[in-house]
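Residue numbers (our numbering), protein chains in the order written: chain A, 1 to 171; chain B, 172 to 452.
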Amino acid sequence: MNNNYVKYSLLFLLLVILQGFVINHISINTYINPMIYPVLILLLPYEINFFVMMLICLLLGFSVDALSNTFGLHAAATIVVGYTRPIVLRYIKPRDGYDNNMLPTLHDMGLLWSMLYCSILLAIHHLWFFIMEVFRLDLFGLILGKVFFSLIFTLVLVILFQYIFFKSSRK
Amino acid sequence: MRRLIQFLTKFRDFLIFLALQFLVLSIFFNTRNYHKAAMVNTSSAMVGWFMEKKHNITKHFDLEDQNAVLLAEVAELLNNQPESFYQLQGETYRVDDKIVKRQYTYLPALVVQSTDNKRDNYLTLNKGSAQGIEEGMGVINDYGAAGVVMSVSEHYSLVKTVLSDNIRLGVKSSKNNEYWFLIWDGEDKTIASIENVKRDIDVEVGDSIVTRGGMGQFPEGVLVGTVDEIISEDGNPLLNLNIKLAVNFSNIYHVYIIKNAFREEQLELENQILDLAGENE
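Here's what the structure looks like:
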């Protein structure tokens with residue numbers, strides 16, 4: 001358990017720094033705005049307490065906001081992801097439930113399940129983020145474009161991140 | 172009472188979610204609508220320090236381009252020196268009855284962090300309140316107006332650029348002094364727009380649009396951009412203009428912060444009138 005705290009704290013720092021100093025500077029055009037940090041919320045253990053998760057979401061969002069001058073926009077999106085994660089997990093539950101010794105990673109749950117899980121939650125995250133950022137109904141096409149193209153890049157980053165920093169929980 | 176508690180425990184998670192969402196979004200929209208940052212941002216001491224460290228590594232990447240820009244500016248200033256003119260005719264008559272007082276001071280600064288692909292884009296500069304920077308000062312680079320200082324810490328300042336939703340920069344046509352507000356719709360980082368231009372105004376593609384100098388942020392006549400396209404819709408008595416911005420926000424490094432010595436005086440006077448109007452209502 002103690003080991004877990006250290007691991008997730010280090011991941012938190014790594015992701016905030018990666019997002020703030022590297023990925024925020026990928027500015028190909030207005031449509032592509034990839035984000036790596038939501039992967040921390042996606043990869044939290046299944047049985048995590050709701051309060052703890054919301055607290056992590058809030059902290060993570062505010063840290064990324066501080067580095068990218070968005071004043072609460074990232075925090076709003078991470079809170080939505082934190083709230084919807086248990087609901088999404090319930091909907092896409094495998095036939096024999098979740099094993100609490102495993103994590104919702106690509107290695108433990110398989111590529112197909114992981115892609116589904118990540119793309120649903122990241123789509124919710126991006127949709128909320130860009131709706132609040134643009135905040136104009138007449139530019140809904142722009143919002144959808146931003147969500148779609150950023151989502152592709154984010155998914156690639158999230159999968160790469162799991163391959164690099166996680167390994168299978170099975171011994 | 173028991174029903175209420177039952178209800179609260181049933182929807183506990185959702186209520187927490189709503190409360191947090193409300194808190195975060197109210198901070199976000201407040202910061203967006205007023206020109207004041209109520210949250211930690213890249214001008215804060217600690218984050219600014221990190222940005223400076225990152226900048227120390229990345230600043231060398233485009234030094235060549237930046238040097239070319241500075242050289243061009245020096246050449247232009249040299250061209251305007253009295254020594255570079257050959258006198259064709261002696262001074263026949265001259266009255267020197269001008270008294271001047273300095274109104275604008277320009278402080279050089281470096282951009283340590285910038286974005287250009289968000290809905291609201293900001294620059295972080297390496298000068299802060301220690302150098303006399305205050306909220307509301309205008310920022311320009313060699314090409315034109317870039318933005319307005321929004322938040323200041325001791326050694327850093329945060330600039331809201333022209334590429335923002337609520338910047339509402341006062342601009343005018345350099346040809347006939349008709350004035351409007353500049354807005355940016357978030358799509359193209361080289362194009363801003365002006366809405367509701369009357370049809371009887373003489374506007375042509377290529378006209379330069381300059382700052383109006385009304386808010387005391389910029390001197391009058393700093394270039395903002397040129398008219399790129401005139402959009403006229405059938406049945407609409409008003410025109411929209413697309414403005415090609417003079418500043419390239421994806422390559423911005425050396426900037427000047429404009430300090431207006433009379434700004435406080437101007438705002439004080441204007442506020443007096445606003446207060447009077449408020450009392451009469």
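For glycine and all other residues, C-beta sits at the position ideal for the given N, C-alpha and C.
Local conformation of residue i per DSSP, three classes
{"i": "F166 of chain A", "result": "coil"}
{"i": "K7 of chain A", "result": "helix"}
{"i": "L334 of chain B", "result": "coil"}
{"i": "H326 of chain B", "result": "coil"}
{"i": "K415 of chain B", "result": "strand"}
{"i": "G406 of chain B", "result": "coil"}
{"i": "G315 of chain B", "result": "coil"}
{"i": "P253 of chain B", "result": "helix"}
{"i": "A66 of chain A", "result": "helix"}
{"i": "K181 of chain B", "result": "helix"}
{"i": "L44 of chain A", "result": "coil"}
{"i": "V271 of chain B", "result": "coil"}
{"i": "V376 of chain B", "result": "coil"}
{"i": "T154 of chain A", "result": "helix"}
{"i": "S421 of chain B", "result": "coil"}
{"i": "V393 of chain B", "result": "coil"}
{"i": "D142 of chain B", "result": "Here chain B covers residues 172 to 452 and nothing more, so residue 142 of chain B does not appear."}
{"i": "K346 of chain B", "result": "coil"}
{"i": "L103 of chain A", "result": "coil"}
{"i": "I32 of chain A", "result": "coil"}
Chain B residues whose Cβ lies nearer than 8 Å to that of residue i
{"i": "S27 of chain A", "result": "T286, D287, N288 and S421"}
{"i": "I79 of chain A", "result": "F188, L191, Q192 and V195"}
{"i": "N24 of chain A", "result": "T286"}
{"i": "A66 of chain A", "result": "M210, V211, N212, T213, S215 and V218"}
Cβ-based burial, residue i [other Cβ within 10 Å; buried from 16]
{"i": "T263 of chain B", "result": "exposed"}
{"i": "H231 of chain B", "result": "exposed"}
{"i": "G82 of chain A", "result": "buried"}
{"i": "W220 of chain B", "result": "exposed"}
{"i": "F148 of chain A", "result": "exposed"}
{"i": "Q274 of chain B", "result": "exposed"}
{"i": "S344 of chain B", "result": "buried"}
{"i": "C25 of chain A", "result": "A small correction: the amino acid at residue 25 of chain A is His; Cys does not occupy that position in the sequence shown. Looking at its Cβ environment, which holds fewer than 16 other Cβ atoms inside 10 Å, H25 of chain A is exposed."}
{"i": "P104 of chain A", "result": "buried"}
{"i": "D65 of chain A", "result": "buried"}
{"i": "A77 of chain A", "result": "buried"}
{"i": "Q284 of chain B", "result": "buried"}
{"i": "M217 of chain B", "result": "exposed"}
{"i": "D454 of chain B", "result": "Shown here, chain B extends from 172 to 452; a query on residue 454 of chain B therefore has no answer."}
Where residue i meets chain B, residues with beta-carbon distance less than 7 Å
{"i": "I54 of chain A", "result": "Here the sequence assigns Met to residue 54 of chain A, which means Ile is not the residue at that position. In chain order: I187 and L191."}
{"i": "F21 of chain A", "result": "K225"}
Endpoints, beta strand (DSSP E) assigned at residue i
{"i": "F352 of chain B", "result": "Y350 to L353"}
{"i": "L116 of chain A", "result": "That residue, L116 of chain A, is in no beta strand (DSSP E); its alpha helix (DSSP H) goes L111 to V134."}
{"i": "V381 of chain B", "result": "S379 to T382"}
{"i": "I429 of chain B", "result": "H425 to N431"}
{"i": "T295 of chain B", "result": "Y293 to L296"}
Where the alpha helix (DSSP H) containing residue i begins and where it ends
{"i": "A216 of chain B", "result": "A216 to T229"}
{"i": "P86 of chain A", "result": "L73 to Y91"}
{"i": "A363 of chain B", "result": "Premise fails: A363 of chain B lies in the beta strand (DSSP E), I362 to K369, not in any alpha helix (DSSP H)."}
Amino acids of chain A, ordered along the chain, whose beta-carbon sits closer than 8 Å to that of residue i
{"i": "H202 of chain B", "result": "Rather than His, the amino acid found at residue 202 of chain B in this sequence is Thr. Correct list: F71 and G72."}
{"i": "I198 of chain B", "result": "F71 and G72"}
{"i": "L329 of chain B", "result": "N69"}
Below-8 Å beta-carbon distance, residue i vs any chain E residue
{"i": "N337 of chain B", "result": "Among the chains of the structure shown, chain E does not appear; the protein chains present are A and B."}
Interface residues of chain A facing residue i [CB-CB closer than 7 Å]
{"i": "L447 of chain B", "result": "The premise fails here: L447 of chain B is roughly 34 Å from chain A at the closest Cβ pair, so nothing lies under 7 Å."}
Q. Any residues in the stretch 346–364 of chain B with a beta carbon nearer than 8 Å to a beta carbon of chain A? Which ones, in chain order?
A. D356, G357, E358, D359 and K360
Q | Interface residues of the stretch 127–141 of chain A facing chain B [CB-CB below 9 Å] | A | Correct list: F130, M132, E133, V134, F135, R136 and L139.
**Q.** Residues of the stretch 221–246 of chain B with Cβ closer than 7 Å to any Cβ of chain A, in chain order
**A.** Those residues of the stretch 221–246 of chain B that come within reach of chain A (Cβ to Cβ, closer than 7 Å) are K225.
Q) the stretch 290–307 of chain B: which residues have C-beta closer than 7 Å to a C-beta of chain A, in chain order? A) R290 and Y293
Q | Near-chain B residues of the stretch 140–168 of chain A (beta-carbon distance less than 8 Å), N- to C-terminal order | A | L142
**Q.** Members of the stretch 102–129 of chain A that neighbour chain B once the beta carbon cut-off is set at 8 Å
**A.** none
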